[in-house]
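Beneath this line is the structure, given in structure tokens, with notes to follow.
Residue numbers (the numbering used here): 22 to 377.
Given below as structure tokens:
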């Protein structure tokens with residue numbers, strides 16, 4: 022299987038840098054450090070990227086081998102991290118850090134160690150680069166989407182054998198573990214009125230008549246998938262079927278519109294059609310993090326770039342009554358959008374037992 026082109030990623034970042042050095046810190050795990058090095062985590066690691074030349078990765082003798090990038094200098098800490106940083110970084114230079122990930126204590130220690138002329142935030146540059154996926158990344162995301170689609174499809178077919186929300190959650194989580202895949206986030210299974218909370222987490226109630234929302238995702242080689250399906254337990258009324266079909270049709274229209282319109286324009290359309298019961302944004306980017314760029318929100322008035330991956334997830338929520346959400350993973354390509362997830366989205370009705 023092809024491997025990540027870490028060297029190309031670093032060179033691309035160097036072209037965008039507006040500082041002399043970028044210093045990225047990994048404590049346990051940091052998606053930016055992983056993106057450039059393949060370092061999955063250990064106690065810690067420091068990645069130093071100069072404006073020109075080779076990057077350096079500083080870590081302990083125990084953890085240094087976890088960095089997969091063979092094009093960087095690997096430096097084992099002898100006395101202290103500060104000492105190693107001072108050897109690499111010249112004084113009175115502009116240093117870039119990821120403010121979104123750097124703890125205050127690390128920031129203070131970094132300034133004390135290398136005495137920079139100025140410290141700037143490089144988090145936005147990192148996010149924008151990572152938003153456009155390379156070929157290796159697209160393969161991983163497609164595999165993540167394929168696996169969660171298969172797992173969710175099995176879970177839905179097995180719903181008649183379950184009595185509680187947690188049984189569905191456990192089924193999904195166990196099937197993922199069988200494939201050696203971690204979850205992208207904590208699986209949501211919300212039945213009846215619980216589905217009216219978009220971020221319901223208890224997953225302990227008995228399955229009730231009405232809409233059942235299942236939101237789940239797995240990671241494949243570190244890359245996330247995210248899918249939501251809503252099924253109906255019991256016999257739906259004509260009105261309940263109409264509400265579901267409205268959400269489904271809005272999702273289809275939004276996917277079609279995103280090929281040529283901005284996320285802001287498409288969000289405005291979805292909110293206009295679904296009204297005040299649509300409580301969240303239309304979607305989010307996916308990659309090494311479950312929420313990253315591009316933002317599929319009212320704030321994003323730029324057309325989507327090719328090779329970006331994201332979700333489209335319209336929903337309606339009547340507090341204390343019901344919730345419906347449909348979510349798929351998509352890839353922006355030259356010719357339009359490709360849907361990566363593949364569980365059927367027409368309303369599945371499960372009425373093999375009596376739901377109260």
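Virtual Cβ for every residue (Gly too), placed ideally from N, Cα, C.
query, result
"Within 8 Å, strictly: CB atoms of residue 304 and residue 151", "no"
"With 16 other Cβ atoms within 10 Å as the buried cut-off, status of residue 348", "buried"
"Enclosing beta strand (DSSP E) for residue 66 [first to last residue]", "65-71"
"Rounded separation between residue 173 and residue 193 - CA only", "7 Å"
"CA-to-CA distance, residue 235 to residue 346, given in whole angstroms", "9 Å"
"Option nearest residue 361 by Cα separation, candidates 296, 340, 333, 342", "333"
"Cutoff 6 Å; reference residue 41; Cβ partners in own chain excluding five residues on either side", "72, 114, 115"
"CB contact flag (residue 231, residue 201, <8 Å)", "no"
"Residue 224 beta carbon less than 8 Å from that of residue 186", "yes"
"First through last residue of the beta strand (DSSP E) which encompasses residue 273", "Counting along the chain, residue 273 falls outside any beta strand (DSSP E), though it belongs to the alpha helix (DSSP H) covering 259-278."
"Residue 70 versus residue 105: straight-line alpha-carbon distance, rounded", "14 Å"
"Helix, strand or coil at residue 204 according to DSSP, with G and I counted as helix", "strand"
"Burial state of residue 287, where buried means 16 or more other Cβ atoms lie within 10 Å", "buried"
"Cα-Cα separation, residue 369 to residue 260", "15 Å"
"Among 81, 365, 58, nearest to residue 391 - alpha-carbon criterion", "Residue numbering for the chain in the displayed model covers 22 to 377; residue 391 lies beyond these limits and cannot be assessed."
"Assigned secondary structure, residue 250 (DSSP; H/G/I helix, E/B strand, else coil)", "strand"
"Residue 316 versus residue 215 - alpha carbon distance", "27 Å"
"C-alpha distance - residue 297 paired with residue 283, whole-angstrom precision", "21 Å"
"Of the listed residues 351, 342, 58, nearest to residue 90 (C-alpha basis)", "58"
"Whether residue 239 touches residue 169 by CB criterion (8 Å)", "yes"
"Residues bridged to residue 212 [DSSP beta-bridge criterion]", "233"
"Cβ-based burial, residue 120 [other Cβ within 10 Å; buried from 16]", "exposed"
"Contacting residues, own chain, Cβ-Cβ under 7 Å from residue 331 (five flanking each side not counted)", "304, 305, 306, 307, 315, 317, 351"
"Anticipated Cβ contact below 8 Å, residue 93 with residue 111, distance rounded", "At roughly 19 Å, the Cβ-Cβ gap does not stay under 8 Å, so residue 93 and residue 111 are not in contact."
"Where residue 130 sits in the DSSP three-state scheme", "helix"
"Own chain, CB closer than 8 Å to residue 265, minus 5 neighbours either side, in chain order", "232, 251, 253, 257, 345, 368"
"Pair within 8 Å by beta-carbon distance, residue 336 and residue 219", "yes"
"In DSSP terms, what residue 346 is bridged to", "336"
"Cβ separation of residue 353 and residue 326, assumed to be a contact under 8 Å, to the nearest whole Å", "7 Å"
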